[in-house]
Ligand SMILES: Cc1cc2nc3c(=O)[nH]c(=O)nc-3n(C[C@H](O)[C@H](O)[C@H](O)COP(=O)(O)OP(=O)(O)OC[C@H]3O[C@@H](n4cnc5c(N)ncnc54)[C@H](O)[C@@H]3O)c2cc1C
């Protein structure tokens, strides 16, 4: 069915012929009958990675195949969302090994973007927990791959943005938990130096992330709140909560009803927001126990919050810089603050070591910021790209809608090998997205 589709950033929006499948046989027929297309999960990437003239949704291909409750291993179809998985695994004392900042993504999307969470420095990205998966290639063959079997396909599929084939079945391991609660600590940092020091001081925490105020200058440049967490043990809970330690959180949702006019978001509204956010706690440090939902998914409480950026949409700009490149972070934050381009959501995190073929994470600082699409934004982001490259960093394809192919090439040293694997599994560019066209990822 033809309709206009976009991803979370609502930029770009294109007309696409979207189909769906429930069984692998249906998908194999679709391959024979359709030209080029791209698999599509829940559309939670921000840019154009799951957009194409033909798209095939996995959302109806969403069954659990097996759940080993003894050893914590889940096997499922790729269109199952993390939201639905949590409802099944948490009451049995298991949790996702890695989760991004929204639970409304599919497992196929988690592998194709090789998503990271607040625990990357301890547990790595999602691919580190995948035991094996099936990928359906351009000829309709189902190929099982893992770090041991057909490992070229495995590593090119983790972070490969749907270009190696359709991930159909995934088997991955889970994390054992005693409760569904998180022991949370929040620490305020006065400036960038302090937040960097605090990340190091608290690096033994499983989960860590910081909200950062991009508009502050002078002695408060980079003021932040560091948010840390550990899965709570039963003894950490109040008596009342100890009765049902693995309780699922209640679904409390507000709907953002319409697109806000784009002028509502400006440096003054962001300054006011940042002021209240930073001062919401008077104390330097707070410790409490919260359900996993507000800790991992605070934004999921407001459905369609992306409409707050208006009809033209927004870009989430996320980059990573090596640990020793703090100066690059300072330069980028300075440019943003001088331009008056604050972001409501500016999130800083430290990644641990990772050297996959095409996945985004590498050891260093990653910063993600949202900017509404406006005149001059893309030119400004092109300038930031150059700073990222100069300091040895790269951008996240899953958030991208505008980077130039040279920026991808300079940031991803294993790109030539990735392209060689695409020649083997997708020689005629049957799996093809707007992003793969823009980033020169087509096999020639
Ligand atoms: C609020 C919010 C917070 C986020 N936080 C984080 C975060 O903390 N960390 C992080 O890493 N990401 C984060 N993301 C990004 C998100 O996790 C990824 O973009 C994820 O891939 C989206 O999955 P999806 O199911 O919505 O897939 P889509 O957005 O539809 O597709 C994403 C990519 O996966 C491919 N794909 C999807 N399914 C398949 C399949 N079965 N086979 C082959 N390819 C497939 C698509 O072709 C596309 O290239 C966040 C997104 C939002 C909206």
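Numbering (this note's numbering), first residue to last: 223 to 666. A virtual CB, placed ideally from N, CA and C, is assigned to each residue, including glycine.
Nearest candidate by alpha-carbon position, reference residue 307, set 348, 531, 284 and 390: 284
Residue 538, buried or exposed, once every other Cβ within 10 Å from all chains shown has been counted against 16: It is buried - the Cβ of residue 538 has at least 16 other Cβ atoms within 10 Å.
Residues near residue 321 in its chain [Cβ-Cβ closer than 7 Å; skip 5 each side]: In its chain, beyond the 5 residues on either side, 304, 339 and 518 have a beta carbon closer than 7 Å to the beta carbon of residue 321.
Candidates 654, 664 and 301: closest to residue 272 by CA position: 654
Residue 555 to residue 666 span [Cα, whole Å]: 39 Å
Reference residue 617, options 543, 594, 568 and 585, closest by Cα: For the residues 543, 594, 568 and 585, the minimum Cα distance to residue 617 belongs to 543.
Among 614, 593 and 373, the one whose alpha carbon lies nearest that of residue 623: 593
heavy atom of ligand 1 below 6 Å from residue 625 C-beta: No, the Cβ of residue 625 stays beyond 6 Å of every heavy atom of ligand 1.
Three-pair Cβ contact test at 8 Å for the region 404 to 421 versus the region 505 to 516: yes
Same chain, Cβ closer than 7 Å to residue 389, neighbours up to 5 away in sequence not counted: 300, 330, 333, 334, 355, 357 and 379
Closer than 6 Å: residue 236 CB and nearest ligand 1 heavy atom: no
Nonlocal neighbours in the same chain, by C-beta distance under 7 Å from residue 347, ignoring five residues either side: 320, 336, 337, 338, 576, 581 and 583
Residues of its chain near residue 412, where Cβ-Cβ distance is below 8 Å and the 5 sequence neighbours each way are ignored: 441, 442 and 445
C-beta atoms of residue 276 and residue 239 nearer than 7 Å: yes
Chain-order list of residues whose beta-carbon lies under 7 Å from that of residue 420 (same chain, five-residue window excluded): Shown here for residue 420: same chain residues with a beta carbon closer than 7 Å to its own, the five before and five after excluded, namely 409, 411 and 448 in chain order.
Extent of the continuous alpha helix (DSSP H) to which residue 377 belongs: 373 to 379
Alpha helix (DSSP H) segment containing residue 599, residue limits: 599 to 612 is the span of the alpha helix (DSSP H), which, as asked, contains residue 599.
Range covered by the alpha helix (DSSP H) that runs through residue 307: 304 to 311
Closest residue to residue 176 among 351, 525, 450 and 608 (Cα-Cα distance): Residue 176 lies beyond the range of the chain shown here (223 to 666); nothing can be said about it.
Proximity to residue 667 [Cα-Cα], best of 500, 587 and 376: Outside the displayed range of the chain (223 to 666) lies residue 667, so it cannot be described from this structure.
4 or more residues per run - each alpha helix (DSSP H) lying fully within the region 244 to 301: Segments of the alpha helix (DSSP H) lying fully in the region 244 to 301: 246 to 255.
Check: residue 256 C-beta below 6 Å from any heavy atom of ligand 1: no
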